[in-house]
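Q:
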Amino acid sequence: MPPVIHTPPDGGSTSGSTYTFKWYNAHILGGVPHSAYTVQYWKVTVGSQQGGSNYYPGTAIAPGTLQDTAVTLPRNGQPCWARLWYQKNGYWYWSCDISFTSN
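See the structure below:
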């Protein structure tokens with residue numbers, strides 16, 4: 013399993029226009045992290061559609077940092093999507109999408 017966003021959970025909700033997304037950099041087996049990924053950078057994007065970034069385009073984050081704070085989320089209860097990206101060998105890849113409601 014690739015790195016995944018765990019906060020908020022898929023299908024969860026956020027409160028306010030600012031929210032800190034957190035993720036695991038490892039396979040999680042039985043609640044225990046295994047085999048961390050070696051990455052150059054992380055990035056989280058947030059949009060109104062899966063894969064979108066119209067609410068938060070994200071910025072490159074150092075590999076040891078496992079969170080990012082989005083500051084432009086809507087507050088009207090609408091569905092949003094967050095995508096976790098990582099850079100390896102100079103190329104960007106995405107590893108997971110989650111949906112959530114922004115309140």
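Just so you know, we're using my numbering here: the sequence shown kicks off at 13 and counts up by one. A virtual CB, placed ideally from N, CA and C, is assigned to each residue, including glycine.
Give me the Cα-Cα distance between residue 28 and residue 113, rounded to the nearest whole angstrom.
A: 11 Å
Q: Less than 9 Å separating the beta-carbons of residue 104 and residue 56?
A: no
Q: Given this structure, state the Cα-to-Cα distance separating residue 24 from residue 111, to the nearest angstrom.
A: Distance between the alpha carbons of residue 24 and residue 111: 7 Å.
Q: Tell me the start and end of each unbroken beta strand (DSSP E) in the region 73 to 99 that is at least 3 residues and wholly inside, in chain order.
A: 79 to 82
Q: Could you compute how far the alpha carbon of residue 61 sits from the alpha carbon of residue 75?
A: 26 Å
Q: Skipping 5 residues on each side, what residues in its chain have a beta carbon closer than 8 Å to that of residue 89?
A: 113, 114 and 115
Q: Could you work out which residue in 59, 31, 49 and 70 is closest to residue 93 when comparing CA atoms only?
A: The option with the nearest alpha carbon to residue 93 is 59.
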